[in-house]
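Participant:
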Amino acid sequence: MSTELEKTSPVELLEYGISWRVILAILTAAVLFIPVSLYLNLISGALSPAIAVTIIAILFAELTRFFGAPLRKQELFVIYSSVAVMSSTLPPYYWLVYRTFYVTTPITQYFLIDGTPINQLVPTWLAPPAFSPVYQLRTLLHPDWTYALIVTGLSFALLAMAEIGLAIMFTYIFVKEEKLNYPLAHVEASLISVLIEREEQHMSIYILGIVTGVVYAFMTYAGFLLGVPLLPIPWFDFVWITEKYIPGALVGVATDPFTLGLGMVLPVKVAVSTLIGSIAIWTIANTIFTSSPNFFPLWFSEYYKGMTIGSIYQRSFQRIWISPQFGFIIGIAVALILAFRKTILRSFRLFASAIVRPRETELPLRFALTLFLVASIGSVILFLILVPGFPAWIALVTSLVLSFFIAMVAARSLGEVGYFPAIPWPWQVIVYFTPYNGYAGWVYSPYINLGYTGYLSQLGKVSYLTSTRPTHYFIGVAGAFALIGIIGLISMDFFWRLSPIPSNVYPITMIYWPIYATNDSLFATRQIAVIPEHIGIGALSTLGIVSLEVLFRRIGLAFPTFPIVLGFFILPPYAITILIGSLLANIIISKTFGKERWEAIKNFFIAGFFSGLGITVGVGISFTLLSKASWIWPW
Numbered sequence: 004m005s006t007e008l009e010k011t012s013p014v015e016l017l018e019y020g021i022s023w024r025v026i027l028a029i030l031t032a033a034v035l036f037i038p039v040s041l042y043l044n045l046i047s048g049a050l051s052p053a054i055a056v057t058i059i060a061i062l063f064a065e066l067t068r069f070f071g072a073p074l075r076k077q078e079l080f081v082i083y084s085s086v087a088v089m090s091s092t093l094p095p096y097y098w099l100v101y102r103t104f105y106v107t108t109p110i111t112q113y114f115l116i117d118g119t120p121i122n123q124l125v126p127t128w129l130a131p132p133a134f135s136p137v138y139q140l141r142t143l144l145h146p147d148w149t150y151a152l153i154v155t156g157l158s159f160a161l162l163a164m165a166e167i168g169l170a171i172m173f174t175y176i177f178v179k180e181e182k183l184n185y186p187l188a189h190v191e192a193s194l195i196s197v198l199i200e201r202e203e204q205h206m207s208i209y210i211l212g213i214v215t216g217v218v219y220a221f222m223t224y225a226g227f228l229l230g231v232p233l234l235p236i237p238w239f240d241f242v243w244i245t246e247k248y249i250p251g252a253l254v255g256v257a258t259d260p261f262t263l264g265l266g267m268v269l270p271v272k273v274a275v276s277t278l279i280g281s282i283a284i285w286t287i288a289n290t291i292f293t294s295s296p297n298f299f300p301l302w303f304s305e306y307y308k309g310m311t312i313g314s315i316y317q318r319s320f321q322r323i324w325i326s327p328q329f330g331f332i333i334g335i336a337v338a339l340i341l342a343f344r345k346t347i348l349r350s351f352r353l354f355a356s357a358i359v360r361p362r363e364t365e366l367p368l369r370f371a372l373t374l375f376l377v378a379s380i381g382s383v384i385l386f387l388i389l390v391p392g393f394p395a396w397i398a399l400v401t402s403l404v405l406s407f408f409i410a411m412v413a414a415r416s417l418g419e420v421g422y423f424p425a426i427p428w429p430w431q432v433i434v435y436f437t438p439y440n441g442y443a444g445w446v447y448s449p450y451i452n453l454g455y456t457g458y459l460s461q462l463g464k465v466s467y468l469t470s471t472r473p474t475h476y477f478i479g480v481a482g483a484f485a486l487i488g489i490i491g492l493i494s495m496d497f498f499w500r501l502s503p504i505p506s507n508v509y510p511i512t513m514i515y516w517p518i519y520a521t522n523d524s525l526f527a528t529r530q531i532a533v534i535p536e537h538i539g540i541g542a543l544s545t546l547g548i549v550s551l552e553v554l555f556r557r558i559g560l561a562f563p564t565f566p567i568v569l570g571f572f573i574l575p576p577y578a579i580t581i582l583i584g585s586l587l588a589n590i591i592i593s594k595t596f597g598k599e600r601w602e603a604i605k606n607f608f609i610a611g612f613f614s615g616l617g618i619t620v621g622v623g624i625s626f627t628l629l630s631k632a633s634w635i636w637p638w
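For the sequence shown, the working numbering gives the first residue as 4, with consecutive numbering after it.
1) Looking at the structure shown, is residue 406 part of a helix, part of a strand, or coil, going by DSSP?
2) Which class does residue 257 belong to by DSSP, given the choice of helix, strand or coil?
3) Can you name, in chain order, every residue of its own chain whose Cβ lies under 6 Å from the Cβ of residue 298, other than the five neighbours on each side?
4) Does DSSP put residue 135 in a helix, a strand or coil?
5) Whose C-alpha, out of 380, 487, 212 and 568, is nearest the C-alpha of residue 601?
6) Residue 399: which of 494, 415 and 430 sits nearest, CA to CA?
7) Between the alpha carbons of residue 269 and residue 585, how many angstroms are there, rounded?
8) Return helix, strand or coil for residue 246, following the three-state DSSP convention.
9) Restricting to Cα atoms, I'd like to know which of 218, 81 and 150 is closest to residue 618.
10) Would you kindly work out how many angstroms separate the C-alpha atoms of residue 184 and residue 419, rounded to a whole number?
11) Please say whether residue 466 and residue 476 have beta carbons closer to each other than 8 Å?
12) Any contact between the segment 33-43 and the segment 53-72? By contact I mean 3 or more CB pairs, one from each, below 8 Å.
13) Three Cβ pairs or more, each shorter than 8 Å: is that satisfied between the segment 92-111 and the segment 515-532?
14) Just list the residues that DSSP pairs residue 240 with in beta bridges.
15) Between the Cα of residue 352 and the Cα atoms of 445, 175, 388 and 592, which residue gives the shortest distance?
16) Is the beta carbon of residue 580 sitting closer than 8 Å to the one on residue 259?
17) Could you check what DSSP says for residue 235 in three-state terms: helix, strand or coil?
18) Which value, in whole angstroms, describes the spacing of the CA atoms of residue 169 and residue 276?
19) To the nearest angstrom, report how far apart residue 374 and residue 81 are at their CA atoms.
20) Among 41, 215, 145 and 134, which has the Cα closest to the Cα of residue 610?
21) With DSSP as the reference, label residue 22 as helix, strand or coil.
22) Find the nearest neighbour of residue 535 within the set 490, 608, 365 and 436, judged by alpha-carbon distance.
23) Do the segment 197-209 and the segment 401-413 meet, that is, are 3 or more Cβ pairs less than 8 Å apart?
24) Could you check which residue in 86, 504 and 248 has the C-alpha nearest to that of residue 98?
25) Kindly give me the distance between the Cβ atoms of residue 63 and residue 28, rounded to whole angstroms, as I take these residues to be in contact under 8 Å.
26) Out of 295, 235 and 264, point me to the one whose CA is closest to residue 251's CA.
27) Count the other CB atoms, across all protein chains shown, that sit within 10 Å of the CB of residue 507; report buried if there are 16 or more and exposed otherwise.
28) Does the Cβ of residue 260 lie closer than 7 Å to at least one heavy atom of the ligand ZN?
29) Among 396, 527 and 469, which has the Cα closest to the Cα of residue 449?
30) Terminal residues of the continuous alpha helix (DSSP H) containing residue 475?
31) Please determine, among 492, 622, 510 and 246, the residue with the shortest C-alpha to C-alpha distance to residue 152.
32) So, does the segment 484-502 touch the segment 148-166, judging by three or more C-beta pairs under 8 Å?
33) Mind checking whether residue 128 and residue 137 have CB atoms under 8 Å apart?
34) Roughly how many angstroms lie between the CA atoms of residue 606 and residue 267, to the nearest whole one?
Here it is in structure tokens:
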């Protein structure tokens, strides 16, 4: 399917995806899944894109078929992509409620800036003052929230505009011109295809994948219902065994089924390269730096036997890896530009000519560039109004230039490997090198891309694979962002009224919000050091490693080094599970079905596997909520 679509002229094939049924489905999904996704995040720290898109895709595909007017695959894709955006984006008002915790928690009272407790420096456009009645009423719908709601809503609108603008541009560059593979895009396209076309051969493989996903998900998540976990979540932690021999190393195996599914779409050599990079940083280097106080004295003094994977990761990241990892991203961007300079320059020349001399194209490139520039510059102006005295040129370069390159790296990473690492605290690293003294400028920033553009460009690939006009896909994305802004506010207000946050009703916030508050305070008081030399070392190391791939190709050795660098950002438990998934798919299952047949059907099997996971987790969450449902008031 995908091969034929790629070889055929897109202009002849692309069909509309917006209809009244699609609009109704998106509105229904927003009302159902934005609150569910938010609630899931409050209790577990996770979002629910796989759950939401699977259930909605199957539900509307079967409902419309039942009533005799089945959806076309273009319509189903627009529904699918819109729901994916809604369920993978945390409503911005989440951070307003978090800020009320920051203002009132005793944790922040002991951090001082110029002798003033840091929680007294929170401006009213981030949270009302501590004496406001909203802290007792627990509501966002109060006049004291006016400034904060305006700033948050406007910032989110600018973010959505910038993301859509960049996504359109990189969909053109990497999907239409460079024709990158985007391995997970083929899985998503296969899900849509099998639900619409229902070919017997593909449907049987899809159902087999569903059964496999259901079984694995039940083994992973059944403990929530039974009270006795069959598999530990999120990983088997072996640090307690290995700490005697390799102290500070992160050793374990992730049980997350979605990570296993990602591994199934990757070639073995890519999975092996990813594991090499992960072990190099989080096992070998961590062990070396833990063995002597001469490297990182603070980390050496904080480490103790009995730490878990999570605690080692958190503290070693703050004390060792925050500077190098920022350098890794810079090095990846430079390496990609150098390694693919001819291809990238050609694509950008085509992009520039399409803007200067508009031609027949299904992507509004002039509009996309204008959207990004207006949103980015607008966010900088808003930031400088709210945080006066901050160096304007740094805010502008960060929002315009750095965001563009991060988006480029993210889109390329998903196009080649199917994965892009989360970038923790990029703005805080930048602020560290400025003379800024205060609180607001550390926690509020102009628009800065964190890689979400990569996923939007992946969905852009799916739009071509499903013969959908990409403009209709991006209209659906814009509508999804708008619904997040509206329903997200109502949902966050409802959950806060229901119970204090943090509280045992929302258990994950009791763990992570104190950590967030501590990290924010440590950065704002400059107690987390960012070392320029370490950034440079990180950038040069990734530049050298990625450049080796070009050298290997010249001598006839096909060994990918780009996944090694991506492995620097992946914890070993996840990298090991990715390799297990790859070996399972490419060796065991491939031999069972036969290599050629497996290559033809694997996307349908993996789509079924993800569907089985989504259905099981969704049903499991429903039963969990029912089993724990009780009146939270004391009467």
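Beta carbons are placed, not taken as given, at the ideal position from N, Cα and C, and that holds for glycine.
Facilitator: In terms of the structure at hand:
1) Helix, per DSSP.
2) The answer is strand: DSSP assigns residue 257 an E or B state.
3) Here the set comprises 292.
4) Coil, per DSSP.
5) Of 380, 487, 212 and 568, the residue nearest in Cα terms is 212.
6) When only C-alpha atoms are compared, the closest one is 430.
7) So the two alpha carbons sit approximately 6 Å from each other.
8) In the three-state reduction of the DSSP assignment, residue 246 falls in the coil class.
9) Nearest to residue 618 by C-alpha distance, out of 218, 81 and 150, is 218.
10) The alpha-carbon of residue 184 is positioned some 6 Å away from that of residue 419.
11) Inclusion of residue 476 and residue 466 in the CB contact set at 8 Å is warranted, their separation being smaller than that value.
12) Contact holds: three or more Cβ-Cβ distances are below 8 Å.
13) Yes, the segment 92-111 touches the segment 515-532.
14) Bridge partners of residue 240: 255.
15) Each of 445, 175, 388 and 592 was checked against the Cα of residue 352, and the nearest Cα belongs to 175.
16) Yes, the Cβ-Cβ distance between residue 580 and residue 259 is below 8 Å.
17) Coil.
18) Near 29 Å, if we compare the C-alpha coordinates of residue 276 and residue 169.
19) Looking at the two C-alpha atoms, the distance is approximately 21 Å.
20) It is 215 whose Cα lies nearest to the Cα of residue 610.
21) Three-state DSSP puts residue 22 in coil, outside helix and strand.
22) Of 490, 608, 365 and 436, the residue nearest in Cα terms is 436.
23) With the rule of 3 Cβ pairs closer than 8 Å, the segment 197-209 does not count as touching the segment 401-413.
24) Checked all of 86, 504 and 248; the closest Cα to residue 98 is 504.
25) Their Cβ separation, rounded to whole angstroms, is 5 Å, which keeps residue 63 and residue 28 in contact under 8 Å.
26) Closest option to residue 251, Cα to Cα, is 295.
27) Result: exposed.
28) No copy of the ligand ZN occurs in the structure displayed, which carries no ligand at all.
29) Selection 396, 527 and 469 evaluated against residue 449 yields 396 as nearest (Cα-Cα).
30) If you look at residue 475, you'll find it in the alpha helix (DSSP H) that goes 473-501.
31) Nearest C-alpha to residue 152: 492.
32) A contact between stretches requires three or more CB pairs, one per stretch, nearer than 8 Å, and the segment 484-502 meets this requirement with the segment 148-166.
33) Between residue 128 and residue 137, the CB-CB gap reaches or exceeds 8 Å.
34) Straight-line measurement puts the Cα of residue 267 at about 9 Å from the Cα of residue 606.
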